[in-house]
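Residue numbering for the sequence shown follows our numbering, beginning at 1 and increasing consecutively. Just so it is clear, CB atoms sit at the ideal spot from N, CA and C, and this is done for glycine as well.
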Amino acid sequence: MKILLVEDDKTIASGLEYSLQQDHYTTVLCHDAASAKKVLAEELNQIALCLFDLSLPDGSGYELCQIVKGQSDVPVIFLTAIDDEVNVVMGLDMGADDYITKPFRIRELLSRIKSVLRRYQSQSQTKTIIDIENVRINTLEGKVYKLGDEITLTALEYRLLLIFANHIGQVLSRSQLLERIWDVAGDFVNDNTLTVYIKRLREKLEDHPQTPTIIKTVRGLGYKVGD
């Protein structure tokens, strides 16, 4: 998952970026509002979560939050050195999902990030119809259709497809997929089993399973559904 981190203190930013990458997140780091706006204009649909420092040399996290929430449903967490109720409430009223006051423990921040992402994943799973190219998922019925014809999937194949469907445009590593399948299914799935299930899904969903266009392999990184 890609996280946009906007923090003007380069020492703090470097430490945060390292910690996020160690926790298997991809990061885009900006030190000011101007560069952050450029990233949001070009890559917002690829970003899973934003971490915005409130005080920036050429603007504020509030302004960036307004841009994000005006164009998407990407979650925003504020990083603030101002433990002031008025500022916190203002940020939450703008649509921010959480805030954390400096100084903070990195494990606390990582926990907040996971909590917000889980909440968004749960919300996205409430969508009743999800379309991916010529495949339609009806989550209310728990059924999958290709060109109008129902496709029979096993329970685990369906769960794996839902994980992809709820992260359209994001690259998911094999370890991330295994972690999510374990969370959802409560069953043990190893790396070899995952390979088999992805192969089966491709055989059922793709017109040409050997050259997939729905579940695409991103070499060295994992898999991606959609752009």
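- Taking a cut-off of 8 Å on C-beta distances, the segment 1-17 touches the segment 46-66, as three or more cross pairs fall below it.
- Taking 8 Å as the upper bound for CB-CB distance, residue 19 and residue 106 are in contact here, some 5 Å apart.
- For residue 209 and residue 101, the gap between their C-alpha atoms comes out near 49 Å.
- DSSP places residue 72 in the coil class of the three-state scheme, outside both helix and strand.
- Spatial neighbours of residue 212 in its own chain (CB-CB distance under 6 Å, excluding positions within 5 residues in sequence) are listed in chain order as 202, 206.
- Here the alpha carbon of residue 200 sits roughly 34 Å from the alpha carbon of residue 4.
- Given a length threshold of 3 residues, each whole run of the beta strand (DSSP E) inside the segment 127-207 is given here in chain order: 129-132, 135-138, 143-146, 149-151.
- Residue range 10-22 is occupied by the alpha helix (DSSP H) that includes residue 12.
- Per DSSP, residue 44 lies in no beta strand (DSSP E) and is assigned neither H nor E.
- Spanning the alpha carbons of residue 139 and residue 215 requires a straight line of approximately 19 Å.
- If you draw a straight line from the Cα of residue 143 to the Cα of residue 131, it is about 12 Å long.
- For residue 175, the closest alpha carbon among the candidates 169, 193, 158, 65 is that of 193.
- Closest option to residue 149, judged by alpha-carbon separation, among 161, 134, 155: 134.
- Where residue 102 is concerned, there is no enclosing beta strand (DSSP E), because DSSP gives it neither an H nor an E.
- In this structure, residue 48 keeps its C-beta atom at 9 Å or more from the C-beta atom of residue 77.
- For residue 157, the CB contacts under 8 Å within the same chain, skipping 5 residues up- and downstream, are 197, 200, 201, 204 in chain order.
- In this model, residue 26 and residue 153 are separated by some 31 Å (Cα to Cα).
- DSSP places residue 64 in the helix class (H, G or I) of the three-state scheme.
- Here residue 91 is buried, its C-beta having at least 16 other C-beta atoms within 10 Å.
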